[in-house]
Each structure stands twice: as C-alpha cells, then as structure tokens.
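Taken in order, the sequence shown gives residues 988 to 1231; the numbers are from this note's numbering. Where is the CB? At the ideal position from N, CA and C, for every residue including glycine. Values in this document were obtained by computation on a predicted structure and should not be read as measured data. In what follows, a single structure is set out as structure tokens and then discussed.
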Amino acid sequence: MKIAILGAGGRMGKMLDSLSGACGLEVVSRIDILEGYDREWREDVEGVVDFSFHKAVPEFVKKAAAQNLPYVIGTTGLDVAEQAIVNEEAKKIPIVQSGNYSLGVNLLLELTRRASSALGSLYDIEVVEMHHRHKKDAPSGTALMLAKAAAEGRNLDFDSAAIYGRHGESGERPIDQIAIHALRGGSVVGDHTVIFAGEVERVELTHRAQTREAFAMGALSALKWAKGKAPGIYTMRNVLGFAD
Ligand SMILES: NC(=O)c1ccc[n+]([C@@H]2O[C@H](COP(=O)([O-])OP(=O)(O)OC[C@H]3O[C@@H](n4cnc5c(N)ncnc54)[C@H](O)[C@@H]3O)[C@@H](O)[C@H]2O)c1
C-alpha cells in the first residue's frame, strides 16, 4: 500500500517513515512545510497518515475525501470547527481518529471505563498527564480520552463533569467532577495516570510510553485496517476489536 505521511519532518513523522517498510507500507509522499519535503501527495497514494498540526487537518481531510482515500488522524488539539469538518468528510471515507495509537493506552482506556463503573461515586476521579516540553497542546488527547472513558463508566456527562486544573479558591470538590491536570517538562514521551481516590483507599492506573514507536506502529496498523472499510469515524477500539 502506497502512503503519504503528513507532518513527515516531525518527531512522529520520522518514526512513521522508519517503521512503514516493516509494516508492509511504502511511503511515496512525505508532506511537511519544512524545507526538503513534499507539498502535495502523489496521485498514486492509497492512504494517508496525519501527524501534522491541527490547523492543517481540515484541508488535508477534504482532499483525501475527494480522492476516496482512507485516512488516519494522529494529530491532536483540533478545535470544534476543525472536528466538524472531519466528521463531515467521514461521511465519504473511512477515518480512524485516536488521541493515542498505542496498544497499552487503549487497554488503559478499557480498564478505566471498567474501574470507573465498578468503583462508583465514592471514588473521586483525577487524570494526570506529563509530556515533553515541546508539546504544543494541553491537556493531551489521551488525557481527554481517559477522562471521557471514566465519565462513560460512571454515566456522567463529560462536558459538565470535566475541569482543567485548579487555581485560587476552587472550593470543595464536587462528587461528580473529573479533573484533568497537564504537566510539561524534559523529554517525557507520554505518561498518563487515572486516580480513583476513595475515603479508605486509592486506585491508580498508569501507562508510560517509552518510545514513540508504540504510537507509530498502532497508527500504521490502523491505516492498513481502514483500507476498504465503509465511510465513518473509527477509533482504536474498532481497530483492536474492543468495540465488537
Ligand atoms: N495520536 C497519537 O498517538 C499521537 C502520538 C504522538 C503525537 N501525536 C500528535 O501528533 C502531532 C504531531 O506530533 P509531533 O510530536 O510529531 O510534532 P512535531 O511538531 O515534531 O511535528 C509536526 C510536523 O508537522 C509539520 N506541519 C505543521 N504544519 C503543517 C502543515 N500545514 N502541513 C504539513 N506539515 C505541517 C511541522 O513542520 C512538523 O514537522 C501532534 O498533534 C501530537 O499531539 C499524537
């Protein structure tokens, strides 16, 4: 399968490039705004994997939809308008979108959903993430996914339950709150912990990514999986069969 990598000059782009061959994929277009990279993908591209920048995603997705290409979105930080365009174009092509493509994090999502449902409202839920100092958005897409999984497990409406950090006179913690905290520093690839804090005990579920390879392998297998699928938005739950 001939593929285009969007954001090919970035940290993830380079990792995807180096692993594609081993996954049976041939990189024929390396798109980036940096010097020395392609600006347009080749006509014979059969699939697109996007780890670029959120503002670039809508135009890329529209172009892929016009050419009927399966599309994997790794790029995070899309705003509501950008996401709406992705949702619209997903009526024409299969799009896999995940804030985290690693197997371990997708397992953590399942465990979080189940723990949240089993522990119930006597346990306060907090999500803490840490990433390297170069990361441009906060909180991470993965932290949001974990907080949403926790909300789902407890039948909470995510938008009313979620808060982002605390500052000043924040008052007593409401029972049905899910707080998300973002730490930044050094070269941390990606750490996520979901804390369930009760009166007498605390459960902490943690995942630590050691290299970016985990994300790249997942994204490339998602692209292979998406080829030939019906139009729609899919997640790694679909790719890994957790949603079946
Ligand atoms: N879903 C996941 O599993 C996962 C894992 C890691 C990173 N990410 C996300 O992937 C994205 C990229 O991460 P990174 O660490 O590689 O960042 P990076 O900054 O190292 O790379 C991004 C690249 O995109 C390029 N770019 C910017 N605007 C562009 C445009 N308009 N067209 C083409 N290229 C453009 C930049 O020049 C850069 O080379 C971020 O949104 C990050 O949060 C997702």
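By Cβ distance, which residues of its chain are closer than 6 angstroms to residue i, with the 5 residues on each side in sequence left out?
i, result
"residue 1209", "1059, 1083 and 1226"
"residue 1068", "none"
"residue 1106", "1183"
"residue 1213", "1057, 1081 and 1083"
"residue 1072", "1045"
"residue 1135", "1145"
"residue 1169", "1116, 1125 and 1126"
"residue 993", "1018, 1037, 1039 and 1047"
"residue 1216", "1081"
"residue 996", "1019, 1021 and 1024"
Residues in its own chain within less than 8 angstroms of residue i by CB, not counting five upstream and five downstream?
i, result
"residue 1150", "1164, 1165, 1166 and 1167"
"residue 1006", "1200, 1203, 1204 and 1207"
"residue 1172", "1117, 1119 and 1120"
"residue 1196", "1089, 1091, 1092, 1176, 1177, 1178 and 1202"
"residue 1066", "1041"
With DSSP collapsed to three states, give me the class of residue i.
i, result
"residue 1021", "coil"
"residue 1226", "helix"
"residue 1157", "coil"
"residue 1016", "strand"
"residue 1183", "strand"
"residue 989", "strand"
"residue 1207", "helix"
"residue 1006", "helix"
"residue 1190", "strand"
"residue 1176", "coil"
"residue 1195", "strand"
"residue 1169", "strand"
"residue 1044", "helix"
How would you call residue i, buried or exposed, if buried means at least 16 neighbouring beta carbons within 10 angstroms?
i, result
"residue 1108", "exposed"
"residue 1046", "exposed"
"residue 1261", "The first residue shown for the chain is 988 and the last is 1231, placing residue 1261 beyond what the model contains."
"residue 1193", "exposed"
"residue 1143", "buried"
"residue 1039", "buried"
"residue 990", "buried"
"residue 1034", "buried"
"residue 1014", "buried"
"residue 1026", "exposed"
"residue 1012", "buried"
"residue 1187", "exposed"
"residue 1000", "buried"
"residue 1147", "exposed"
"residue 952", "The structure shown does not extend to residue 952, since the chain spans only 988 to 1231, so no value can be given for it."
"residue 1157", "exposed"
Given a cut-off of 8 angstroms, decide if residue j and residue i are closer than it, judged by their beta-carbon atoms.
i, j, result
"residue 1113", "residue 1130", "no"
"residue 933", "residue 1042", "No answer is possible for residue 933: it lies beyond the span of the chain, which begins at 988 and ends at 1231."
"residue 1174", "residue 1137", "no"
"residue 1064", "residue 1123", "yes"
"residue 1061", "residue 1036", "yes"
"residue 1153", "residue 1111", "no"
"residue 1101", "residue 1140", "yes"
"residue 1030", "residue 1229", "no"
"residue 1220", "residue 1055", "no"
Using a Cβ-Cβ cutoff of less than 7 angstroms, which residues in the same chain neighbour residue i once the five nearest sequence positions on both sides are dropped?
i, result
"residue 1223", "1085, 1088, 1093, 1205 and 1209"
Runs of 4 residues minimum, wholly inside the stretch 1071-1150: which ones carry the alpha helix (DSSP H) assignment?
1090-1106, 1128-1140 and 1145-1148
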